[in-house]
Structure formats: C-alpha cells, structure tokens
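*Asks:*
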Amino acid sequence: MKLKKLLKSGLALGLCFGLAACSSGSKGAGTDAGSEQAKTENAESSQEKKAETDGKEIELKIPTYLAGENVGAVFFLPQVERFNEKYAGKYKVVVEEVVQDSYAEKIKQLAGQNKLPTLVHSPGSGGIDTQWFKQVILDNDMAYDLTEFGKENPDVAASWIEGSKDFCTVDGKLICNPLIVLRPIGLYYNESLYKPEKDIRDMSMDEFMSGLGENKLAFMTSENAWTSSLMLAALIANEDGGVDLLNNNTSEKLWDYNTPVIVNAVGKLQKLLQNNASSNTVGAAYADAANAFMSNNAALICNGSWMASEFNEDAKDKWSNGFDGKDVKTTIYPGNIALANPKAYGDFWISNAASDEQKEAAKAFLAFRSSKEEIEAFILAEGGNAPNIKHSDDFLNKLKENDILYQLDQSMNENTKFVATLGDIFPASVADTEFGKLLPKLIDNSLTPEQFCAELTKKAQEAKQ
Amino acid sequence: MSSNRKTAASRLERKNYKWIYLFLLPSFIVFVTFYIQPIFTVFYTSFTKWDGFNKPKFIGLTNYINMFGNTAFRYSLKNLLLWSFIAAVFHVGFGVLVAFAIFKKPFGWKFTRAVFMIPNVISAAAWAMIYRFMFHDDMGMINNIIRKFNPDFHVQWFYQSPFAFIAVTLTWLFYAVIVTLIVLNDLFAIPGDLFEAARVDGASDFQLIKYIQLPLCKNAIGTSIIASITARVAMYEQIALTTAGGPGDDTMNLPVILVKSIMDLKYGYANANGVIMFILGLFILWLVNRLFKMDESVY
C-alpha cells in the first residue's frame, strides 16, 4: 500500500513538474526557429549596444546553408574567415549553419515573425522561390535598398551584370546584391565512352542526337528531375523562338506549354529518354544520375560547374566500374547554348528591419565578397564567368590549372546564347515535382509530347488558381 | 434522509468544483491553443485567398470549387476510397488474423509478437526509402527474385502505371501491429468461464471464434478500422518519398496536394484541402461507429 501511495505521489509530482516545464518552455518558444532568432536578436542587440558604447566590433550573424557538408561551404567558410581577419576589431561574421532543405522554411517563418536575419540568401538559392519573395518581401517593403551601396562602392557596381542589376531593381530600389558571376551550366562527357566528331557546342541538336549512337545520358525523373530538365531547356533553346521563350518568361513565369516550341522539344526529349537514357533513369534521383555517370553507365550528364570537383583525384572514392575523372570533358550544349540566367536576384539581400550597425556590417561583407580578389577566388573554386571583370594573367594561368573549369570557360564565345533553365520559368510545384512525375509516362508512351505538355499546362493552371 | 445525503454530496461536489476545473484547465488550454484555434484558422482561411503572410482575402467557395474541378483531387478521392477498402479489409484482417494466431500461444508466440512490432519502431520515412530499394528495377530484391523465373521481367514499381499504386499499398499493408495489439488486448480480456462453458456445450474452435471471440472483439476491430482508415487519409511520407503522387496522379492523395499547394503559396486552398480531410475523418468515425455499433456494450 505504502509503495502504491509513494508511486502515486511520485507520478503526480512528475505530472506537475512536466506541465510546469512545458509551460515555461512554450513561453518563449513559438517555434524553435523563432526562439533561436529571438536569442540571436538579443545577442545582436546587446552586441550593438556594446559596439555603440565602447566602439568594439559589430557581430553579424548569418544563417546560411553554405556550411557543414554543403559543397558551397568549401569556399564560403574560408571567405568568412578572410573577412573576419581583414576587419578584425570592426566587424565579425558568425555563421549559423542551416541545412539547405530547411533554409527557405526557416526564412519564411522568421519573415512571418518580422525577425529576419540581416543578410538573407536571394531567391533562386537555398530553396527560396521568387514568387514568395515578391509576394512577401517586396510587397511589404522588407528588403533594404542597395542603391546607395552601389554608389559607395563603384568598383563593385561596375562588376554587376547588367541584366541582373535591372532585374534586381524594383520600383527604383535595388533590392538584392546583383550577380557578378554567371555560372553557365553545360554538360560533361566521358571521352573513354563517347568521342564527339566535333565540339558539341558547334553541332546542331539533330547532329548531336544522331551522333550519340548507343551512348547513354544520365537522366533522372525523381526529385526535380534536374539533369532531364537541363536537357529539355537546351532542346527548347535549339527550337526557333526557344531562346526568347526561355529568357522572356523569367519574371512572370510560363503557364502554358502547349506551344510548338515546347512540344517539339519534348518530342526530342522523349526520343532521348527512350533511346539514350541510362538504365536507372526512371526513378533516379540526382545521386543516382551522378552515380550512373561516375560508374561508366552513362557517357554524358548535364550539370553545372560545381560538379567539376567530383572528377578530381581526391573524389576517387565515388568512382566505380573503371571510371576515371581524367576522361571527363566538358562543354556547352549544341547550338552554342549555355544555361545561365542573368535575370536573377543575385546572391544576398539585406533585411530592412535590421539596425544601422547591422546593415553597415552586412554591406561591408557584401563589398568584400564582391571584390575582384574574392570573385576570382570564387571562380577558381567553383567555376563561372565574370563578364565585367578584367582578369589578370595570374588568374588566367591559375584557371588553366583546373582543366575542367578552363574547358568550360573556353567553350563559350561571343556567339554563345545564354538561356534560363526550366526552374526559372516554371512555377515552383511544376518545376520541383510535376515535371519529374510526368516523365515516366512520357518514357513508356502513356503520354505523347502533346499530351505531356497539356498535362503540364493543366498542373501549372491549377498552381495558379 | 436520502435528500439530506444528496444535499451533502452536492455540497461536497460543489466544494470540489474549483479543484476539478483547476485540474481541467491545463488540458483545456492545450486543447484550445493547439486544436480548436488551428482548426478554426483552417476553416476560416479555407474561404480565402491567402499566401501565408499577407492578409487573407475572402473568396467564398472558390477554393472548394477549384478543388473539385482539380484532377489530382479527384484521383486522391478515388485512391482514398480504394486504400480505405484495402485498409479495412486486408490490413485490419491481417492484423486480426495474427492476433488470433498469437492468442493461441503457439511455440515462439512472444518472439513473433516482438518481430511483428519491429516495423512499427522504424519511421515511415525510413520504410519508404527501404521500399524504394526493394522495388528498384535493377538492384531491388523483388525484381531480382522474379527474374530468377522470368529473366525478361522489368517493372519500375514506383514509377509505372498501374504498379505504383500497388507498390505504395505494399509499403503499409502488412504492418498491422497496432491492430494486432488492440485486438489481442480484447482477446486476453475475455473471461475464461465463457470458453469453458462453450467447451462444455461442445463448441468447436471455429465456433468459439465465430460466436465468442469475434463478437467480443467487435469494438477493438472497429477501433482498428478507424485508426487504419484515418491513417490513410493522413498518409504522407510513404507517398512523398517514393512516388510524390505519380506517375501522373496515380498515387496522389490529399496530404500531398496540401503540401504542393503550400509550395505554390496557396495556403487558403491548402486549408480547404485540410477541411476536407477533417470532414472525412469525422465521417469515417461516424460510419464505423454506426456499422460496428461501438457505443453498445459487448458483454
């Protein structure tokens, strides 16, 4: 009996403490992200006060996905260190690691609570879609105008790509730090399996397709069907009027795909998927497609310059079946097409709600990132092309050392046509899920190209409602 | 005398009211904050055009009209109907069968019960990934076994019509341990006298099941059916991580539409979808309660 009483009392006490703990926990919680942000804000405001009172350095906390295991961390984290070293005693950037898949959701929640961090990744990166950015951030004037920043840093402003600068200018305000580097997306091929008769860039799409023979492309249908969507963008760009179709719809998105340009391109994609797709294409996610290429099961893969590091000797553990990174060559698409969208929102934007000290630190960081030295270091690390920066010989020599990045750089000439990807012109759900979901039906002939486009249009219209 | 006792009892009750309400208060606060308020928001915003940030704009029944005109929604309802039938008959049926087998306490029954429990401690998301590999055409176990008998067999289970529906169904069909535990609990609660009396009257094993065990487990089976069907209404991970509702809309369901609507910043539409899920849940509860007469005592 005594034991029972003791047990009852213990349980009752446990319940009381549990409730008390829950209630105190939920007081400041709201969401984890919110409480973290609140803590951040407190820390920031105390830092600011401290800086104001004793003139000490301003701490700028940047939540970013360019940390941890993310491939972008390799360049971004040392860059932050360089900044901290240069501005020691004045500014200090502290990186808060956020998983890439959660970044957009976190920013959306913080925007809802009006607790945005000072520096935020631009839409198009980190999963933040442009539609949300327009409806929430721009419509509510939550982005800081960087026009003055451009005037204060003429070298930086001179490096901005004109198309991006125009795109980032909304109602006379510069709402994002525009692009300086374009990272054109081309394709990689394994020369031990496939030797094109001439540079793929100089081929027509029909020449390219007929010259493939039995060679396979690493396509995918799962996730956002990234490698397949890149090829479709290149196919569209090779149709009459395709370049304009892709480049003129980045702002308002494309909602109707029942046009001959897209139907023809989808017809060609269907042929490629049926005749030249790696055996694991149906259901393949990005990792499967990459694996098909790096195991000699596919001779070609469409992807950006960031994949180049996978072909270095230090990534050898990912190779199998006799694959050798040295055999990999890169170029752009037939018809001299490269996928790159200059009409984009750049890299970062600053929250209007941040304090002046925080904005000052953020602008200093943006100016640092946009300096010629940092831009060149970035290109050497991740590839790309900065059309408004005159490079030194030293830089060009270093670029030559990275064979693949140099090849990609050299594959573009003055006649290269840069076009947007499907992700830039399709509404979010169509680009991220619907396109890939319909591909298996295109492959097994359940849908003709016309029906595929009609289905995709239906999905886009439903997304619009 | 009795009136006095009644008054005294009432006074005692009244004296305890403040304590009763005090102890009820935390639950009430939790209920209002985490259930009533969100449900109210879902209902209210389902009649609005809302991007999740700016002020919702009232648009009447537009979201519902659009939803019923949406092919993915119609596919979802069809799929839900089929999955509900499969859940009620085969999933619950299998769970009940295992419960009856274990109730007989054959050799190794405890081990069987523990093994049967294992899938339940693995998350649905992990299972979805495991199934993706199991059903993989090249390296999957299923196709490789089939190819031992038919070397030309190639099916992309999760990405080909009509196999995707079957593959998604198989990711949950046989994991019926909750059903087994609920029914087993009721089976163990049946008084031994009933079996003894039936045996004395010459009842066979089958008659024991038909006339004693099944009727006395009626409520447990009804509860299992409710749990299984409502789990199908809310099923997300198994689909999102395998087919994402495809190919086309073959395996589409309501939660996938809901998440997709949020991706497109259509929170009002997503919540209209949520309202339909809520109503379906209540309807299932009402229907199964009626069919199984669950408010009546089985003893």
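Listed in order, the protein sequences are those of chains P and V.
Here the first sequence is numbered in the working numbering, starting from 1 and rising by one per residue.
Here the second sequence is numbered in the working numbering, starting from 1001 and rising by one per residue.
Every residue gets a Cβ at the ideal spot worked out from N, C-alpha and C, and that includes glycine.
Just the Cα atoms here: how many angstroms apart are ALA73/P and THR64/P?
*Replies:* Walking along the first sequence from the start, residue 73/P turns up at place 73. Walking along the first sequence from the start, residue 64/P turns up at place 64. In a straight line, the C-alpha of ALA73/P is about 9 Å away from that of THR64/P.
*Asks:* Between LEU482/P and chain V, is there a C-beta pair that is closer than 8 Å?
*Replies:* Past the edges of chain P, shown from 1 to 465, lies residue 482/P, and the structure says nothing about it.
*Asks:* Based on Cα-Cα distance, which residue from GLU1296/V, PHE1165/V, LYS1266/V lies nearest to LEU1081/V?
*Replies:* By 1-based counting over the second sequence, the position of residue 1081/V is 81. Checked all of GLU1296/V, PHE1165/V, LYS1266/V; the closest Cα to LEU1081/V is PHE1165/V.
*Asks:* Please report the residue range of the beta strand (DSSP E) in which ALA338/P lies.
*Replies:* Residue mapping note: residue 338/P aligns to position 338 of the first sequence, counting from 1. 337 to 339 is the extent of the beta strand (DSSP E) around ALA338/P.
*Asks:* Which residue from ASN1273/V, MET1263/V, ASN1289/V, LEU1287/V puts its Cα closest to that of GLU434/P?
*Replies:* The residue you call residue 434/P lines up with position 434 of the first sequence. Closest option to GLU434/P, Cα to Cα, is MET1263/V.
*Asks:* Among ALA361/P, LEU439/P, ASN397/P, ASP444/P, which has the Cα closest to the Cα of GLU57/P?
*Replies:* Taking the first sequence and counting its residues from 1, the one referred to as residue 57/P is at position 57. For the residues ALA361/P, LEU439/P, ASN397/P, ASP444/P, the minimum Cα distance to GLU57/P belongs to ALA361/P.
*Asks:* Whole angstroms are fine: how far does the CA of VAL1092/V sit from the CA of ALA1227/V?
*Replies:* The sequence position of residue 1227/V within the second sequence is 227, counting from 1. The sequence position of residue 1092/V within the second sequence is 92, counting from 1. If I take the Cα positions, the gap works out to 10 Å.
*Asks:* Residues of chain P with CB closer than 8 Å to the CB of GLN1156/V, please, in chain order.
*Replies:* For the purposes of this step, residue 1156/V is identified with residue 156 of the second sequence, where counting begins at 1. Per Cβ cutoff of 8 Å: VAL282, GLY283, PRO440.
*Asks:* For LEU456/P and ALA1220/V, I'd like the C-alpha separation in whole angstroms.
*Replies:* Position 456 of the first sequence, counted from the first residue, corresponds to residue 456/P. Position 220 of the second sequence, counted from the first residue, corresponds to residue 1220/V. Distance between the alpha carbons of LEU456/P and ALA1220/V is about 45 Å.
*Asks:* Could you tell me the boundaries of the beta strand (DSSP E) in which PHE348/P lies?
*Replies:* Taking the first sequence and counting its residues from 1, one reaches residue 348/P at position 348. From DSSP, the beta strand (DSSP E) with PHE348/P extends over 348 to 350.
*Asks:* Does the CB of VAL136/P have a neighbour CB from chain V at under 8 Å?
*Replies:* On the first sequence, residue 136/P is found 136 positions in, with the first residue counted as 1. At least one chain V Cβ lies under 8 Å of VAL136/P.
*Asks:* Does any C-beta atom of chain V lie closer than 8 Å to the C-beta of GLN37/P?
*Replies:* For the purposes of this step, residue 37/P is taken as residue 37 along the first sequence, with counting starting at 1. Low confidence applies here, because GLN37/P scores a pLDDT of 36, under 50, leaving its location unreliable; read the following figure in that light. No, its Cβ sits nowhere closer than 8 Å to a Cβ of chain V.
*Asks:* Tell me the rounded alpha-carbon separation between TRP1019/V and ILE1029/V.
*Replies:* Here residue 1019/V refers to the residue found at position 19 when the second sequence is read from its first residue. Here residue 1029/V refers to the residue found at position 29 when the second sequence is read from its first residue. Going from the Cα of TRP1019/V to the Cα of ILE1029/V covers about 16 Å.
*Asks:* Quick check: the Cα distance between LYS316/P and GLY325/P, rounded to an integer number of angstroms?
*Replies:* What you label residue 316/P is simply residue 316 of the first sequence in a count that begins at 1. What you label residue 325/P is simply residue 325 of the first sequence in a count that begins at 1. LYS316/P and GLY325/P: Cα-Cα distance of roughly 8 Å.
*Asks:* Which whole-angstrom value describes the C-beta separation of ILE301/P and LEU187/P, a residue pair presumed to lie in contact below a C-beta threshold of 8 Å?
*Replies:* Along the first sequence, read from residue 1 onward, the residue named residue 301/P stands at position 301. Along the first sequence, read from residue 1 onward, the residue named residue 187/P stands at position 187. Correct: roughly 7 Å between the Cβ atoms.
*Asks:* So if I threshold CB-CB distances at 8 Å, which residues from the region 1268 to 1280 of chain V count as touching chain P?
*Replies:* So the list reads TYR1269, given in the order they occur along the chain.
*Asks:* Please report the straight-line C-alpha distance between GLY242/P and ILE236/P, rounded to a whole angstrom.
*Replies:* As a working mapping, residue 242/P is identified with position 242 in the first sequence. As a working mapping, residue 236/P is identified with position 236 in the first sequence. Answer to the nearest angstrom: the Cα atoms are 5 Å apart.
*Asks:* Closer than 8 Å, CB to CB, is PHE1028/V near chain P or not?
*Replies:* What you label residue 1028/V is simply residue 28 of the second sequence in a count that begins at 1. Closer than 8 Å: no.
*Asks:* How about ASN1066/V and TYR1236/V: are their beta carbons less than 8 Å apart?
*Replies:* Numbered from 1 along the second sequence, position 66 holds the residue referred to as residue 1066/V. Numbered from 1 along the second sequence, position 236 holds the residue referred to as residue 1236/V. Not in contact: ASN1066/V and TYR1236/V (Cβ atoms no closer than 8 Å).
*Asks:* For GLU191/P, which three-state DSSP category applies?
*Replies:* Numbered from 1 along the first sequence, position 191 holds the residue referred to as residue 191/P. Residue state, collapsed to three classes: coil.
*Asks:* Checking contacts by CB at 8 Å: is GLY1246/V closer than that to chain P?
*Replies:* To locate residue 1246/V, count along the second sequence from 1; it is residue 246. For GLY1246/V, the answer is yes, since a Cβ of chain P falls inside 8 Å of its Cβ.
*Asks:* Helix, strand or coil for ASN291/P, going by three-state DSSP, please let me know.
*Replies:* Counted from its first residue, the first sequence places residue 291/P at position 291. Looking at ASN291/P - three-state DSSP - the assignment turns out to be helix.
*Asks:* From the DSSP output, which residues share a beta bridge with TYR91/P?
*Replies:* As a working note, residue 91/P is residue 91 in the first sequence. DSSP lists ILE58/P as partners of TYR91/P.
*Asks:* Answer yes or no: do GLN79/P and GLU374/P have a C-beta to C-beta separation smaller than 8 Å?
*Replies:* Here residue 79/P refers to the residue found at position 79 when the first sequence is read from its first residue. Here residue 374/P refers to the residue found at position 374 when the first sequence is read from its first residue. Going by C-beta atoms, GLN79/P is nearer than 8 Å to GLU374/P.
*Asks:* Pick helix, strand or coil for ASN460/P, following the three-state DSSP scheme.
*Replies:* Position 460 of the first sequence, counting from 1, holds the residue named residue 460/P. According to the sequence displayed, residue 460/P carries Ala and not Asn. If DSSP states are grouped into helix, strand and coil, ALA460/P belongs with the helices.
*Asks:* Out of curiosity, what's the CA-to-CA distance linking PHE348/P and THR130/P?
*Replies:* Taking the first residue of the first sequence as 1, we reach residue 348/P at position 348. Taking the first residue of the first sequence as 1, we reach residue 130/P at position 130. The alpha-carbon atoms of PHE348/P and THR130/P are separated by roughly 13 Å.
*Asks:* In terms of residue numbering, what span does the beta strand (DSSP E) encompassing ASN300/P cover?
*Replies:* As a first step, residue 300/P must be located in the first sequence, where it is residue number 300. The residue you asked about is not Asn; residue 300/P is Leu in the sequence shown. Residues 300 to 303.
*Asks:* Tell me, to the nearest whole angstrom, how far the beta carbon of SER210/P is from that of LYS1260/V; I am working on the premise that it is less than 8 Å.
*Replies:* Reading the first sequence from its first residue, position 210 is the one you call residue 210/P. Reading the second sequence from its first residue, position 260 is the one you call residue 1260/V. So it is not a contact: roughly 39 Å between Cβ atoms.
*Asks:* Starting from ASP1264/V, find everything on chain P with Cβ-Cβ shorter than 7 Å and list it in chain order.
*Replies:* For this step, residue 1264/V is matched to residue 264 along the second sequence. Result: PRO427, ALA428, SER429, ALA463.
*Asks:* Can you check the region 1034 to 1075 of chain V for any alpha helix (DSSP H) of at least 4 residues that lies completely inside it and give the ranges in chain order?
*Replies:* Correct list: 1037 to 1045, 1062 to 1069.
*Asks:* Which of the three DSSP states is assigned to PHE1188/V in this structure?
*Replies:* Position 188 of the second sequence, counting from 1, holds the residue named residue 1188/V. Correct three-state label for PHE1188/V: helix.
*Asks:* With DSSP collapsed to three states, give me the class of PHE481/P.
*Replies:* Residue coverage of chain P in this structure runs from 1 to 465, which leaves residue 481/P outside it and unanswerable.
*Asks:* Candidates GLU152/P, GLY172/P, ASP155/P, ALA157/P: which alpha carbon is nearest ASP141/P's?
*Replies:* In the first sequence, counting from the first residue as 1, residue 141/P sits at position 141. Checked all of GLU152/P, GLY172/P, ASP155/P, ALA157/P; the closest Cα to ASP141/P is GLY172/P.
*Asks:* Would you please verify whether the beta carbon of THR1171/V is less than 8 Å from any beta carbon of chain P?
*Replies:* Against the second sequence, residue 1171/V aligns to sequence position 171. By this cut-off, THR1171/V is not an interface position.
*Asks:* Between TYR1159/V and chain P, is there a C-beta pair that is closer than 8 Å?
*Replies:* Sequence index remark: in the second sequence, residue 1159/V carries index 159 (1-based). Interface residue, yes.
*Asks:* Under DSSP, the alpha helix (DSSP H) around VAL1275/V begins and ends at which residues?
*Replies:* Taking the first residue of the second sequence as position 1, residue 1275/V is located at position 275. Its alpha helix (DSSP H) spans residues 1267 to 1291.
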